[in-house]
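**Student:** Under UniProt numbering, the first residue of the sequence shown carries the number 1, and numbering increases by one thereafter. Virtual Cβ for every residue (Gly too), placed ideally from N, Cα, C. What you are looking at is a predicted structure, and each value in this text was computed from that prediction instead of being measured.
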Amino acid sequence: MYTSLLDKFKIYYKKYPVSLILLILNTIMLFVVIFTGGFSLINLIRWGGLLPSKINQDQEYFRLFTSMFLHGSIIHFLANSYFLYQLGSSLETMLGKFKYSILYLLSGLGGSLLVWLFGAENTVTIGASGALFGVLGALLLLTYVKSSWFNPYSIRSIRSLVFINLIFTLLMPNISVLGHLGGFITGFAIMRLLLFKNMDHPMFYKKKTYQDPNIIDHDDISDDDIYIH
């Protein structure tokens, strides 16, 4: 059994190295948070949660980046991890590891920037969903301009997933609307820029049929001072 799991790990790394590295980083930070005080507000700030007042007063700009590797609960972590495992690996196959890395990280930063510039100064925001919404935005655009890359079921699944996630973002409490929308817009825009290039070139890899993970990212954290994304 151990050998089988190790083989699967190696295969996944070979096919989706960036997605696996991101999953590992998120997992490491989950255990760091758990073993140093848990999901308390103070501990999340300690490990890099996005707190606009800290950026404005202390110039701690690293929080724009570190916050995307933190999660507010195990359920929050598992939901985002499954999302990354399914959708992230699909987009990584389409774009290749370099372009996928850029899109993922810039989408996360795009969500963080919107929170910093327009969010409440004393509210903590954490989570990978800004980056993951960027992945969604990129996939949504591809279903329209590169529809031949997907089968009809996959196209419906992606568009439905986008719609459902946007609705939950607007309706659920303790969800960072700015983080989600900022990531989504950034991912969509970056994908649009990439489409100015010849996406049939081998650098974009072969087309891949997307398979619906049926994941909805709508986790609720009880602490009203914490926004997740």
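Would DSSP call L70 helix, strand or coil?
**Tutor:** In the sequence shown, residue 70 corresponds to position 70, counting from 1. The answer is coil: DSSP assigns L70 none of H, G, I, E or B.
**Student:** How far does the beta strand (DSSP E) with I175 in it extend, from its first residue to its last?
**Tutor:** Mapped onto the sequence shown, residue 175 falls at position 175. Run containing I175: none; DSSP gives neither H nor E here.
**Student:** Please report the residue range of the beta strand (DSSP E) in which T125 lies.
**Tutor:** Within the sequence shown, the letter at position 125 stands for residue 125. Start and end: V124 to I126.
**Student:** If you draw a straight line from the alpha carbon of M203 to that of H180, how long is it in whole angstroms?
**Tutor:** Locating residue 203 in the sequence shown gives position 203, counting from the first residue. Locating residue 180 in the sequence shown gives position 180, counting from the first residue. At M203 the pLDDT is 41, less than 50, meaning the model places this residue with poor confidence; the figure from the coordinates comes in the next sentence. Cα to Cα, M203 sits roughly 29 Å from H180.
**Student:** Residue ranges of each alpha helix (DSSP H) run of no fewer than 4 residues wholly in the segment 66-149, ordered along the chain?
**Tutor:** 74-83, 89-95, 97-118 and 129-145
**Student:** Are the segment 79-93 and the segment 5-22 touching by the rule of at least three beta carbon pairs closer than 8 Å?
**Tutor:** Contact between the segment 79-93 and the segment 5-22 is present: three or more C-beta pairs spanning the two stretches fall below 8 Å.
**Student:** Indicate the three-state DSSP secondary structure (helix, strand or coil) for L5 in the structure shown.
**Tutor:** Walking along the sequence shown from the start, residue 5 turns up at place 5. Reduced to three states, the DSSP call for L5 is helix.
**Student:** Quick check on the DSSP output: the alpha helix (DSSP H) that includes L161 runs from which residue to which?
**Tutor:** The count along the sequence shown starts at 1 and reaches residue 161 at position 161. Unbroken alpha helix (DSSP H) run through L161: P152 to L171.
**Student:** Check whether the segment 143-156 and the segment 115-123 are in contact - that is, three or more C-beta pairs closer than 8 Å.
**Tutor:** no
**Student:** When you compare the segment 98-108 with the segment 153-164, are there three or more beta-carbon pairs, one atom per stretch, that lie closer than 8 Å?
**Tutor:** no
**Student:** Inspect the beta-carbon positions of S112 and L50 and report whether they are closer than 8 Å.
**Tutor:** The residue given as residue 112 occupies position 112 in the sequence shown. The residue given as residue 50 occupies position 50 in the sequence shown. The answer is yes: Cβ separation under 8 Å.
**Student:** In whole angstroms, what is the alpha-carbon distance linking D27 and F62?
**Tutor:** The count along the sequence shown starts at 1 and reaches residue 27 at position 27. The count along the sequence shown starts at 1 and reaches residue 62 at position 62. A quick correction: the sequence has Thr, not Asp, at residue 27. When rounded, the distance between both Cα atoms is 19 Å.
**Student:** Please report the distance separating the alpha-carbon of F133 from that of L106.
**Tutor:** What you label residue 133 is simply residue 133 of the sequence shown in a count that begins at 1. What you label residue 106 is simply residue 106 of the sequence shown in a count that begins at 1. Distance between the alpha carbons of F133 and L106: 11 Å.
**Student:** Could you name the residues of the same chain whose beta carbon sits closer than 8 Å to that of residue 231, not counting the 5 residues immediately before and after it, in chain order?
**Tutor:** Past the boundaries of the shown model lies residue 231; the chain is included only from 1 to 229, so the question cannot be answered.
**Student:** Within its chain, find whatever has a CB closer than 8 Å to the CB of I190; leave out the 5 residues flanking it on each side and keep chain order.
**Tutor:** Along the sequence shown, one-based indexing puts residue 190 at 190. Closer than 8 Å at the Cβ level, and outside the excluded window around I190, lie I102, L103, L106, S107, G134 and A138.
**Student:** Residues bridged to L193 by DSSP?
**Tutor:** What you label residue 193 is simply residue 193 of the sequence shown in a count that begins at 1. DSSP, once it has assigned bridges, lists no residue as partnering L193.
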